[in-house]
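First residue of the sequence shown: 21, per our numbering; consecutive thereafter.
All C-beta atoms, glycine included, are put in the ideal place defined by N, C-alpha and C.
To start, the structure under review is shown below, and the notes come after it.
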Amino acid sequence: MGISLPVRVAGLTSGILAIGQAAVAQPTITSLSPVANANSIGRSAPVQVQFSQLLDPNSAGGLYLHSGMRGGMRSGHSADIAVTGAVLEATPTYGWNPGETVMATASTGVRNQAGQPLQAPRVFQFTAAVGGSGGGNFVAPTVGAELPGTAARDLFAGDVDGDGDLDLVFQNGGVSVRLNNGTGAFGPQIDYPVLYSDPSGDTASLIHMTMGDVDGDGDLDVIGYIYGPTARDIVVYVNDGSGYFAYQDHRASVSRFTTDLTLGDLNGDGALDLVAVSGFPNEVHVRLNNGNGFFTTGSVVFLSGNRSPSRNAVLGDVDQDGDLDMLLTNNDLISVRLNNGNGGFSGGGDYAAGLSPQRLRLGDVDNDGDLDAVASDETGNQVCVRLNNSFGVFGGGSNVSVAATPRDLRLVDVDGDSDLDIVAASPGTDRISTRLNNGSGSFAGGTDVLVGDGPGYLVLADLDGDLDLDAATANELGNSLSVRLNQPASSPPLPVELADFQAERRGASAVLRWSTATETNNRGFAVEVSTDGRTFQQLGWQPGQGSTAGPTQYRFADEGWPHHSQSVVYYRLRQFDFDGTERLSVVRTLQASSSGAGWRVEACPNPFMENLQVQLQLTADGPVSVTLTDALGRVHATLTRKLVVGATTVSLVLPERLPAGLYFLDVQQADARKRLPVMHHY
């Protein structure tokens with residue numbers, strides 16, 4: 021009878037080996053299905069991982085699947101996982117959401133029949149196919165195209181209440197939710213405030229958020245960064261599965277100048293870890309998840325080698341070694357830092373990306389199996405495409421022209437041809453631009469579609485349940501959300517093509533101007549007004565031109581502006597054809613802003629810390645008052661000064677220990693007012 025001794029393999033005691041028997045190597049992965057970074061996987065397709073050895077039947081718990089849109093952690097909740105010989109297979113109990121990217125981890129919980137763990141974990145991703153008839157032609161629905169959303173930021177789509185459709189979640193100092201009825205129509209806004217306080221009585225505001233299943237219970241939680249005099253906290257709004265969120269703070273501490281949050285499995289254990297980007301100092305805080313949504317350990321990645329400040333981070337396996345690497349945007353570069361497999365980052369390179377890259381997305385745009393980088397260049401009025409050489413080195417590609425000042429963007433298949441197209445949101449032009457991929461990473465064509473005022477945040481998802489991807493934007497300046505549904509590219513042109521619609525203050529009146537490119541059987545426009553953004557009433561009527569082949573300009577003056585008794589008034593157009601068909605325009609908000617052409621106000625910096633300057637471009641001489649108020653209307657700073665025509669900069673004297681959070685800057689000259697949202701950081 022042989023003598024049994026413990027055997028240590030790769031530093032781990034992994035079993036008992038009888039003398040005279042050969043040691044068994046640790047298992048490795050031999051194939052993946054879907055392959056890593058695949059773009060158009062069947063929505064009911066199983067996930068299969070083939071190993072080099074027969075598996076322990078208990079290895080099913082070592083495969084983790086994360087959805088960011090529906091179900092969160094699918095493993096153990098909405099995916100059946102089975103071990104068959106040397107194969108692990110996960111079959112979704114309901115399909116992957118159209119266009120969603122699923123993150124998968126084969127962890128060291130996978131073992132061979134001798135009990136030895138997988139030699140190294142493997143993290144990979146794939147994207148589910150879209151369907152439907154949408155061709156990237158985004159059209160405003162007749163109802164619910166514009167929704168109120170004060171200072172809306174950080175927009176996400178996900179099924180938070182477990183009913184199978186995708187809801188909208190955003191932040192505006194707290195967390196706000198609008199539940200979908202299944203058709204792309206959304207219910208009233210539900211608000212979840214920040215409940216943080218300390219013994220001194222200081223409070224805090226949420227200024228950044230992301231979404232994912234951080235506690236692994238099969239639903240989507242909200243992870244946020246709150247900021248206040250004593251708060252530098254990561255907080256979690258824990259979902260109970262029905263869409264109710266319970267606030268829990270003190271989950272991790274990060275930099276006071278955090279600019280972005282993102283989630284991903286950084287150490288191959290199946291839990292979503294956290295990356296928090298800091299603009300100053302230029303560093304990234306990595307916080308590892310203990311599996312229950314507590315980010316207990318981690319490290320700081322210093323980025324002194326590139327040009328600060330960093331703005332945005334994304335995670336993906338760009339060098340194809342089985343772990344998630346980190347890419348960031350900063351002044352004019354995309355910076356790459358490679359993962360050592362345990363959540364430690366170093367090396368990589370820096371790659372030119374226009375003048376001012378803002379949002380960065382990863383996806384296989386040229387269909388060669390690796391993840392390419394695409395960044396919005398807000399100053400260059402373009403989107404920069406940089407192709408991966410499969411080892412995490414980026415070059416080539418192209419710069420794609422889009423509507424001016426692009427900020428947020430998405431890489432998604434909007435026309436159903438199985439490649440990733442570009443959709444970018446441009447707050448300076450109030451448009452979303454679609455540029456279609458030819459399958460090899462070249463982009464052209466598409467459309468520029470009008471949405472609300474200042475669309476800084478964008479999401480693409482199947483909002484109406486027809487399997488193609490619709491668009492929604494968070495419009496920070498317009499205090500609104502816009503919804504645009506994807507329609508066939510071959511749809512007949514609209515009988516009336518609205519080219520532009522704007523509202524401005526002129527003296528004691530609100531002046532609405534709009535134009536049409538062409539008209540067919542246009543009876544006219546009902547001008548509608550609302551003081552809450554929900555209930556509209558007809559204010560007036562502007563006859564149409566019937567049928568025209570060229571542009572037509574329209575103007576309507578609301579002489580009753582001073583009588584609406586609200587600081588914010590909402591306007592929209594309801595266009596009628598002679599056959600009775602009607603369509604709604606986008607909503608324009610007027611916050612007693614703009615007294616005429618050239619009247620401009622900007623806050624600098626924004627976010628601000630110790631100092632806040634107001635830059636004005638005036639068209640008339642006279643006293644100007646500046647007031648800083650919080651979300652409750654409390655005044656924290658005022659200034660009145662007699663100014664002259666032209667450019668002027670004034671500084672507000674801020675109180676000591678001004679709480680961090682969202683504020684509003686009101687600037688008034690005579691009967692003209694402008695309101696700007698500003699964020700205070702420490």
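Thinking C-alpha only, which one of the options is nearest residue i?
i, options, result
"D370", "G400, N408 and G342", "N408"
"T121", "F71, P168, F265 and L382", "L382"
"A519", "V180, R533 and A464", "R533"
"P161", "R504, D339, N332 and L167", "R504"
"G311", "Y84, N57 and D641", "Y84"
"F71", "S95, A106, A65 and G498", "A106"
"E166", "V664, V606, P625 and L632", "V606"
"A739", "A464, D76 and V479", "Given a span of 21 to 702 for the chain in the structure shown, any question on residue 739 remains unanswerable."
"V588", "Y574, G570, R608 and R594", "R608"
"T649", "Y683, H701, V673 and P475", "Y683"
"R430", "V413, A481, D388 and G416", "A481"
"S535", "T399, D352 and Q595", "Q595"
"L559", "T572, F576, A569 and G566", "F576"
"N157", "S60, D433, M629 and S396", "D433"
"G681", "L226, M123 and V242", "L226"
"A530", "G485, V214, E539 and Y590", "Y590"
"H86", "S79, A99 and A80", "A99"
"V469", "N631, E496 and F521", "F521"
Among all the DSSP beta bridges, which residues are the ones paired with residue i?
i, result
"E166", "S502"
"Q557", "V549"
"H700", "F628 and G681"
"P643", "K662"
"R455", "I442"
"Q268", "V256"
"D597", "N542"
"V69", "L52 and L108"
"R228", "The sequence shown places His at residue 228, rather than the Arg named in the question. For H228, which the question treats as bridged, DSSP gives the partners Y245."
Which whole-angstrom value describes the C-beta separation of residue i and residue j, a residue pair presumed to lie in contact below a C-beta threshold of 8 Å?
i, j, result
"A251", "Y212", "Not really, about 17 Å apart at Cβ, beyond 8 Å."
"G204", "D450", "Wrong, their Cβ atoms sit about 21 Å apart, outside the cutoff."
"G248", "T230", "Incorrect: roughly 20 Å between the Cβ atoms, too far for contact."
"V234", "N309", "6 Å"
"G164", "F206", "6 Å"
"N302", "G363", "The Cβ separation is near 19 Å, so there is no contact."
"A58", "T147", "7 Å"
"A393", "L380", "6 Å"
"V13", "D641", "The structure shown does not extend to residue 13, since the chain is modelled only from 21 to 702, so the question has no answer here."
"G152", "L487", "4 Å"
Are there 16 or more other CB atoms within 10 angstroms of the CB of residue i, so buried, or fewer, so exposed?
i, result
"S615", "Since pLDDT at S615 reaches only 41, below the 50 mark, its modelled position is unreliable, and the value read off the structure follows with that caveat. That one is buried."
"Y114", "exposed"
"K694", "buried"
"T279", "buried"
"W116", "buried"
"I36", "Interpretation of I36 is limited by its pLDDT of 41, a score under 50 that renders its predicted location unreliable; the figure taken from the coordinates is listed afterwards. Answer is exposed; the Cβ neighbour count stays below 16."
"D441", "buried"
"G318", "buried"
"D260", "exposed"
"F411", "exposed"
"A464", "exposed"
"E579", "exposed"
"P625", "exposed"
"N542", "buried"
"R307", "buried"
"H701", "buried"
"G193", "buried"
"F322", "exposed"
"D599", "exposed"
"G400", "buried"
"A42", "Summary for A42: the model assigns pLDDT 48, below 50, so the residue's position carries little reliability; its value from the coordinates is reported in the next sentence. By the neighbour-count rule (16 or more Cβ atoms within 10 Å), A42 is not buried but exposed."
"A266", "exposed"
What first and last residue would you give for the beta strand (DSSP E) that runs through residue i?
i, result
"A491", "D490 to N495"
"P675", "Looking at the DSSP string, P675 is not in any beta strand (DSSP E), and its letter there is neither H nor E."
"P118", "Element bounds for P118: n/a, residue is neither H nor E."
"D578", "T572 to D578"
"R608", "R608 to L610"
"S51", "I49 to S53"
"T317", "F315 to F322"
"P112", "V107 to P112"
"G284", "T278 to G284"
"V143", "R142 to T147"
"S196", "V195 to R198"
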